[in-house]
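Residue numbers (the working numbering), protein chains in the order written: chain A, 10 to 167; chain B, 10 to 167.
Where is the CB? At the ideal position from N, CA and C, for every residue including glycine.
Keep in mind it's a predicted model, so treat the numbers as computed, not measured.
Read the structure below first, then the notes.
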DNA sequence: GTACATCTAACAACTCAGTTGCATCTAGCG
DNA sequence: CGCTAGATGCAACTGAGTTGTTAGATGTAC
């Protein structure tokens, strides 16, 4: 274990620690309080390229920022409320959370695509959703939002 | 209650009762046993134009065909296994089930669209999904199935 | 029609993600 | 520094879905 292939990423410095300043800045932009759990959870989400469950977050933080699981739930819910993150319903009845793309200006989750990998189980966001899906709904159905979900092999498991 | 507007549909004859023969025929087409709970659950699904949760099914059958809730779960799971129905993950962490369209020949759930009504909460299947969505995935992602989910107003709540 | 082997139903107990209530604590402000 | 609204932590709860086990029903062989 001391000389494996991954010597560049020792577990003593989890990726989220480098995102703490960034997370603090984002939280300060809201009207709400800056607290340790909020910073840690947001930094954790910021360090990931895929969606994370409440358990994933709690697990990632347990070493340097142990947080009660109820607080993790509440912080994640708060992040969704203030528009920093969004939640994704998985096939395993577990909510997963992911940072919103700040470049996607107005309607952050009106039209959104996700990709769940059948191999590693992780869910990714695909941001450049086409404005018009060539899909004709039966008459009488008036859609306001669209969710597009792909399943298959992600770029890490290809 | 004796003279309300819905005199044409008395609660004494739920809609699923007229589907029992049809349900029996479909179950006989499988290699498995024909049992009362399977017939009742399938007839119930057949009588609906929207997806139903295990609770919806159990509730609908409680008067004429009371079935243990575990049995409802198992029958619904079996219906998915043998390809008669499919399950839909809802936003409320509840599985909903719906009969497969028998005309959609080979791959019944490879590419599928659902519509969830924000007003009544019901989920409908939209069967004529286009074969090609003009959506370009980031390189490295290889999709095998697609789920398309709309939210808005259904034809009953328009 | 009856007996048998096997599959299925019912019941109870359990798992687990997520929620609620409440006492304690803390961030932000005067 | 001291106050107060709001956040955290803990424990207990909820509710969908699962598992194990026994009793019962189904289809088949005789």
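Interface residues of chain B around residue i at Cβ under 9 Å?
| i | result |
| --- | --- |
| residue 157/A | 142, 144, 155, 156, 157 and 158 |
| residue 149/A | 162, 163, 164, 165 and 167 |
| residue 60/A | Per Cβ cutoff of 9 Å: no residues; residue 60/A is ~14 Å from chain B at best. |
| residue 102/A | 98, 102, 103 and 104 |
Output the distance between the C-alpha atoms of residue i and residue j, rounded to the nearest integer angstrom.
| i | j | result |
| --- | --- | --- |
| residue 123/B | residue 124/A | 17 Å |
| residue 48/A | residue 102/B | 28 Å |
| residue 150/B | residue 30/B | 45 Å |
| residue 54/A | residue 132/A | 13 Å |
| residue 87/A | residue 75/A | 19 Å |
| residue 22/A | residue 43/B | 59 Å |
| residue 41/A | residue 84/A | 12 Å |
| residue 136/B | residue 98/A | 22 Å |
| residue 164/B | residue 28/B | 24 Å |
| residue 59/A | residue 158/A | 14 Å |
| residue 148/B | residue 121/A | 18 Å |
| residue 134/A | residue 156/A | 11 Å |
| residue 33/B | residue 32/A | 59 Å |
| residue 144/A | residue 71/A | 45 Å |
Which same chain residues, not among the five before or five after residue i, have their C-beta less than 7 Å away from its C-beta?
| i | result |
| --- | --- |
| residue 166/A | 126, 128 and 129 |
| residue 160/B | 125 and 127 |
| residue 35/B | 51 and 93 |
| residue 24/A | 56 |
| residue 46/B | 76, 80 and 84 |
| residue 37/A | 43 |
Which residues in the same chain as residue i place their Cβ atom closer than 8 Å to its Cβ, once the five residues preceding and following it in sequence are excluded?
| i | result |
| --- | --- |
| residue 26/A | 52 and 73 |
| residue 162/B | 126, 127 and 128 |
| residue 61/B | 53, 54, 69, 105, 106 and 107 |
| residue 146/B | 152 |
| residue 89/B | 95, 96 and 106 |
| residue 100/A | 125 |
| residue 114/B | With a pLDDT of 48 at residue 114/B, under the threshold of 50, the modelled position of this residue cannot be trusted; read the value that follows with caution. Same-chain partners within the cutoff: there are none. |
Residues in its own chain within less than 6 Å of residue i by CB, not counting five upstream and five downstream?
| i | result |
| --- | --- |
| residue 67/B | 78 and 81 |
| residue 64/B | none |
| residue 39/B | 91 |
Cβ closer than 9 Å: which chain A residues qualify as neighbours of residue i?
| i | result |
| --- | --- |
| residue 152/B | 124, 159, 160, 161 and 162 |
Which runs of the alpha helix (DSSP H) fall wholly inside the segment 75–163 of chain A and span at least 4 residues, in chain order? 78–90
Give me the subset of the segment 65–84 of chain B whose CB atoms are less than 9 Å from a CB atom of chain A, sorted by chain position. none
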